[in-house]
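Heads up, the numbering used here is the position in the sequence shown plus 183, with the first residue counted as 1.
Here a beta-carbon is modelled for each residue, glycine too, at the ideal position from N, C-alpha and C.
If you're wondering where the values come from, they're calculated on a predicted model, not measured in any experiment.
Have a look at the structure below, then the notes.
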Amino acid sequence: MSEKKINLAVAGATGAVGNQMIACLEERNFPVKSIKMLASRRSVGRELRFRGDLIPVEELTETSFKGVDIALFSAGGGTSQKFAPIAAEDGCIVVDNSSAWRMDPDVPLVVPEVNPHAIAGYTVKGIIANPNCSTIQMVVALNPIHKKFGIKRIVVSTYQAVSGTGKKAIDELFDQTRAMINFLDYKNAVYPHRIAFNCLPHIDVFQDNGYTKEEMKMVNETRKILEDNTIGVTATTVRVPVFFGHSESVNIETKEPITADETRTLLKASPGVGILDDPQNNIYPLATDAAGQDLTLVGRIRQDESIPNGINLWIVADNIRKGAATNTVQIAEVLAKEYL
Ligand code: NAP
Ligand code: 3JN
């Protein structure tokens, strides 16, 4: 298999995810022929470093994608909705981080450890969707279990870092924390309530069914990626005062009998998963373990004693890396190796 050098564009290059995408491209030695850094008009005049060179930020416009092979998008859903088809029209393959295209039946929704075969479907619209960060880490851990034991139902509660909301939210947690420990007034602009020293059971907008949009993303995306609409999924997503790393408490019910030891052995051999599960020695995954690396960490694996075939897990990953940037770059790597 050949690996073509790619003319690349990063749309949303100045953002939290875009910055991490650039770092991942460097770290993983992605075969770049040329790279465009795209953002809003506000960022024109800025420069971003790539492999030692300073690249000027350009405004993302209708003509940005001419001559570009792959564009990595993380500039918000509205931007993706408008510009992904324009890029695809110019022959550029879009790997999109927003929710704009995830549930489109003609757009593959891909986690390379789980459903790399789905990438082939990019030819229909020229777009591949990257799932939501909370979905990605959950399916990396649950896919091997689903394949072997068949998952009937998933109950998940998340503990999501502020970096999932972007650079302004990172500043808000920092500023509020500093204000509070100095007995000063604080402001909240990004979240509807104070996030410092607090937990908000509210991520993205509320839907008519009482769930938030983030919760419904977890429900619908999980079924699409695992290619099984019979799985019952219910989610509660919570924002916590952590900078990087989403944690999840996950309870599953399987069709076949399953033990904690079988789950541990299976996950130890699964791609993209790291096991940290020695509670007697205080070893379990923490956001601080997950941040800055790409494994999905799993621990607290134990039998759910309230039902016949139940397992509880604690799943943690870096939401900006595996939850967004790394997964996007991994998809682009498969495209470069196997499709271009
Ligand atoms: P962020 O830190 O606020 O950055 C937003 C980026 O989008 C900036 O580069 C910004 O450029 C650019 N942008 C905003 N409006 C634009 C426009 N009209 N035209 C061109 N560029 C525009 O946000 P983030 O955390 O990086 O997230 C960005 C997006 O990625 C989110 O909206 C979401 O769709 C997606 N995301 C996905 C996941 C996931 O779960 N997979 C996680 C986080 C984010 P300026 O700097 O010039 O404003
Ligand atoms: O809040 C998080 O931890 C993840 C946030 C993801 C996000 C933020 C803004 C818009 C998304 C997403 O990827 O689902 C979107 C979006 O709907 O595009």
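Is it buried or exposed, residue i, if we count other Cβ atoms within 10 angstroms and call 16 or more buried?
i, result
"residue 471", "exposed"
"residue 184", "Only weak support exists for where residue 184 lies, its pLDDT of 48 falling under 50; the value from the coordinates is given anyway. Result: exposed."
"residue 288", "exposed"
"residue 466", "exposed"
"residue 489", "exposed"
"residue 237", "exposed"
"residue 367", "exposed"
"residue 448", "exposed"
"residue 429", "buried"
"residue 267", "buried"
"residue 505", "buried"
"residue 279", "buried"
"residue 516", "buried"
"residue 482", "buried"
"residue 227", "exposed"
Which residues in the same chain as residue i place their Cβ atom closer than 8 Å to its Cβ, once the five residues preceding and following it in sequence are excluded?
i, result
"residue 199", "346, 349, 350, 353 and 503"
"residue 262", "194, 195, 243, 256 and 281"
"residue 439", "331, 332, 333 and 492"
"residue 369", "358, 359, 362, 363, 377 and 379"
"residue 356", "345, 378, 379, 424 and 426"
"residue 395", "385, 386, 387, 388, 389 and 420"
"residue 462", "482 and 483"
"residue 306", "none"
"residue 391", "none"
Nearest by alpha-carbon distance to residue i: which of the options is it?
i, options, result
"residue 418", "426, 317 and 449", "317"
"residue 286", "272, 274, 264 and 270", "264"
"residue 522", "358, 302 and 284", "302"
"residue 315", "427, 399 and 274", "399"
"residue 382", "389, 374 and 388", "374"
"residue 453", "396, 320, 410 and 506", "320"
"residue 402", "429, 340, 371 and 462", "340"
"residue 259", "223, 227 and 245", "223"
"residue 469", "218, 487 and 500", "500"
"residue 406", "463, 298 and 267", "298"
"residue 218", "416, 239 and 397", "239"
"residue 397", "416, 464 and 463", "416"
Check the C-beta distance from residue i over to residue j and give it rounded, since I have them as a contact under 8 Å.
i, j, result
"residue 295", "residue 498", "Actually they do not touch by this definition, with Cβ atoms about 18 Å apart."
"residue 456", "residue 323", "6 Å"
"residue 133", "residue 480", "Residue 133 lies beyond the range of the chain shown here (184 to 523); nothing can be said about it."
"residue 433", "residue 342", "Not really, about 12 Å apart at Cβ, beyond 8 Å."
"residue 197", "residue 229", "7 Å"
"residue 335", "residue 436", "5 Å"
"residue 450", "residue 458", "6 Å"
"residue 190", "residue 252", "5 Å"
"residue 519", "residue 209", "That pair is no contact at about 15 Å."
Between which residues of its own chain and residue i is the CB-CB distance below 6 Å, once the five residues before and five after are set aside?
i, result
"residue 188", "214 and 216"
"residue 309", "271 and 276"
"residue 247", "221"
"residue 290", "284, 308, 310 and 312"
"residue 484", "443, 446, 447, 460 and 496"
"residue 207", "508, 509 and 512"
"residue 477", "504, 505 and 509"
"residue 304", "291"
"residue 486", "443"
"residue 412", "406"
"residue 371", "377"
Can you name, in chain order, every residue of its own chain whose Cβ lies under 7 Å from the Cβ of residue i, other than the five neighbours on each side?
i, result
"residue 204", "193, 255, 257, 508, 511 and 512"
"residue 151", "With the chain running from 184 to 523 in the structure shown, residue 151 is simply not present."
"residue 249", "273"
"residue 409", "322, 326 and 329"
"residue 201", "193, 195 and 257"
"residue 234", "209"
Residue i: beta carbon under 8 Å from a heavy atom of ligand 3?
i, result
"residue 348", "No copy of ligand 3 appears in this structure; the ligands present are ligand 1 and ligand 2."
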